[in-house]
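Heads up, the thing below is written out as structure tokens.
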Amino acid sequence: KNMNWMMDEFWEMFCNALEKDRGLTESRVMELMEQAMFTPAESVSEGLFDRLMYWDEIIAQLSSEGKEGVPVVGHDRYAAEKPENLDLKGDKKIAVIHAQGNIGGRESGVNPVLGLMMGHESIVRELNRAAEDEDVAAIVLRIDSGGGESLASDLMGHAVENISKKKPVIVSMVDVAASGGYMMAYRASKIMANPMTVTGSIGSISAKFDISGALEKIGVTSDFVGKGPNAEMWTDRRPFTEKEFRRFNDNHWQDFRIWMDGVAQARGIAAADIDSLCMGRVWTGRQAVQNKLVDELGGQYEAILLAKKEVGIAANEPVTLWHLPEKKDLIESIVGGDEDLDQALSWSVYRQLRSETRFT
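Counting in the numbering used here, the sequence shown runs from 39 upward without gaps.
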């Protein structure tokens, strides 16, 4: 059911965009989907493209009359330009902290299999760095994470809560900010999401491994030494006893209830309504606004405007954006020590594995 309503939401937004920008109604989109594949010429005739052109023809069209060509700026060149060289800086500063990846461990880095990892100590350090800088008026926390470790998520959320009492912390959700990604967000001053951001997933998974069957098949046995009635509760050599599972299950629900109650209090949601928004359900950003899990729709630009508003800075007043963590170039990574170089190598390995195994 959750997958169906999410698909309905995405489909409605998709069709609305096509009708607004291309003049294609939902019924016309369905007709085009029957054909599925189009040659470039067919795409133009059906209104999917405007025209077919080679790159040199585009440059020729963009060129001013009497000139041989038009300057073209690539993405890398554009990204390398420093704002201070373009007179884009202001006297006041807003910190933009990028929190991306699976949540787990102390320090952020790259896992060759799991990809980008968000460590709680790395993010808390950057949050505190921005909070303690007297020139920083507000913080925009960009979250792009499907979650991970509950403790790490809560520690980051606790830091967000504390810092938001000193200066505004605006959470800006990217593609996904769910489960642990939402746990670190819900105590912020304000939360913004894109219309199609996947968010929520206020749920909890807890388990233990029982490999006794596998060990039995290969003839491996074991023995235990312990003291106390529950010393062997978490062993992977046997399942829970009935009493152990009952205690485990009760403890799990108690922890989950604390999270749900915290969300209800922070977001101003009635306790009677919070259950229907949790239990692992996910929402689009548009649905999340309706459900009070998110305050407004918008991306990074709108989040910066909201941060300005929160501290009384005019919307058209230039501000200096301080992006954290600060990027390092190749030379800085090499001279920075083994950790930086290891992360760069791990990222390369991950990208290679992703390419060869076609992970999604």
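Beta carbons: idealized from backbone N, C-alpha and C, even for Gly.
A quick note: this is a predicted structure, and the numbers were derived from the prediction, not measured.
- The segment 175-187 and the segment 287-295 do not touch, with fewer than 3 CB-CB distances between them shorter than 8 angstroms.
- Lys-131 sits in a strand when the DSSP states are folded into three classes.
- If you check the CB distance, Glu-47 and Arg-324 come in under 8 angstroms.
- Relative to Ala-353, the option among Lys-130, Met-317 and Arg-225 whose CA is nearest is Lys-130.
- When C-alpha distances from Glu-172 are compared across Trp-360, Lys-365 and Glu-364, the shortest belongs to Trp-360.
- By the Cβ rule, the segment 266-273 does not count as touching the segment 75-84, because fewer than three pairs are nearer than 8 angstroms.
- Secondary structure at Val-332: coil, using DSSP grouped into helix, strand and coil.
- Nearest to Ala-223 by C-alpha distance, out of Val-263, Leu-343, Val-357 and Ala-190, is Ala-190.
- At the C-beta level, Asn-232 and Leu-154 stay beyond 8 angstroms of one another.
- For Leu-100 against Val-111, the beta-carbon gap comes to about 12 angstroms, at or over 8 angstroms, which does not count as contact.
- Looking only at Met-298, Phe-278 and Gly-241, the smallest Cα-Cα distance to Ala-309 is reached by Met-298.
- Linking Phe-52 to Val-212 through their CA atoms gives a straight-line distance of about 18 angstroms.
- Going by C-alpha positions, Ser-244 is about 42 angstroms away from Met-68.
- For Val-178, DSSP records a beta bridge to Val-134 and Ile-208.
- Excluding the 5 residues flanking it on each side, Phe-87 has same chain C-beta neighbours closer than 6 angstroms at Ser-81, in chain order.
- DSSP lists no bridge partner for Lys-58.
- The secondary-structure analysis by DSSP pairs Asn-149 across a beta bridge with Gly-153.
- Counting along the chain, Trp-360 sits inside the beta strand (DSSP E) bounded by residues 357-362.
- Assigned with DSSP and collapsed to three states, Ala-74 falls in coil, not helix or strand.
- DSSP, reduced to helix, strand and coil, places Ile-312 within a helical segment of the structure shown.
- Where Ile-243 is concerned, there is no enclosing alpha helix (DSSP H), because DSSP gives it neither an H nor an E.
- Under the 10 Å beta carbon count, Val-258 is surrounded by fewer than 16 other beta carbons and is classified as exposed.
- Sixteen is the threshold: when 16 or more other Cβ atoms of the shown chains lie within 10 Å of the Cβ of Ser-239, as they do, the residue is buried.
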